[in-house]
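In my numbering, the protein residues as written are 922 to 1044. Where a beta carbon is used, it is the ideal one built from N, C-alpha and C, also for glycine. Since this is a predicted model, take the numbers as computed values, not measurements. First up is the structure itself, then whatever we jot down about it.
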Ligand SMILES: C/C=C/C(=O)SCCNC(=O)CCNC(=O)[C@H](O)C(C)(C)COP(=O)(O)OP(=O)(O)OC[C@H]1O[C@@H](n2cnc3c(N)ncnc32)[C@H](O)[C@@H]1OP(=O)(O)O
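Given below as structure tokens:
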């Protein structure tokens, strides 16, 4: 089973809503980037995202978060690859301590999950 993991800091300039929340589509952009690496690893091509069959927003993501984005290939078709995605918050700011205080979380917070399909060119 192929798994690719990215880590990303959420800049404060990417905050969109009250409480420094980012928009839900932010996670889809991150899933596209990790899916691109999956396609490069498996097929030597960046591939194209064809569809999402499920997207679940389970907890907010905020500016200052450190995110871990995991893509796991669950099915290999002829040209299609089905992928399960999970975006977890693994670090977060602690503005209650000081403006720049932050910590890595003992238990990651699962923020967004999805299932999607990418398509690669014929061999
Ligand atoms: C890695 C991330 C990249 C991005 O984010 S790129 C930006 C967003 N994506 C795009 O702009 C893509 C736009 N869409 C397209 O260009 C085309 O649309 C596709 C290339 C995705 C597919 O078109 P075609 O190559 O003509 O597809 P087919 O020959 O009919 O099928 C080939 C395989 O792809 C599966 N498939 C096609 N469409 C979908 C779909 N919408 N959802 C799930 N699977 C799909 C089929 O079943 C089959 O699979 P089987 O080769 O394994 O038998």
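Check: residue i C-beta below 7 Å from any heavy atom of ligand 1
i	result
residue 993	no
residue 1000	yes
residue 969	yes
residue 1039	yes
residue 1028	no
residue 1008	no
residue 957	yes
residue 965	no
residue 934	no
residue 1019	no
Neighbourhood of residue i by C-beta distance below 6 Å, restricted to the same chain and skipping five residues each side
i	result
residue 968	960, 1039 and 1041
residue 942	981 and 983
residue 1018	none
residue 1037	973 and 1004
residue 948	1008 and 1033
Sub-8 Å separation of residue i and residue j beta-carbons
i	j	result
residue 985	residue 1013	yes
residue 1045	residue 923	Because the chain in this structure spans residues 922 to 1044, residue 1045 falls outside the shown range and cannot be described.
residue 1023	residue 952	no
residue 977	residue 1033	yes
residue 994	residue 1009	no
residue 987	residue 938	no
Sequence-distant residues of its chain with Cβ nearer than 8 Å to residue i (five each side left out)
i	result
residue 936	942, 943, 983 and 984
residue 1000	1040, 1041, 1042 and 1043
residue 957	967 and 968
residue 933	941, 984 and 985
residue 955	925, 926, 927, 990, 991, 992 and 1006
Per DSSP, the bridge partner or partners of residue i
i	result
residue 1001	1040
residue 978	1033
Same chain, Cβ closer than 7 Å to residue i, five either side skipped, listed in chain order
i	result
residue 962	923 and 925
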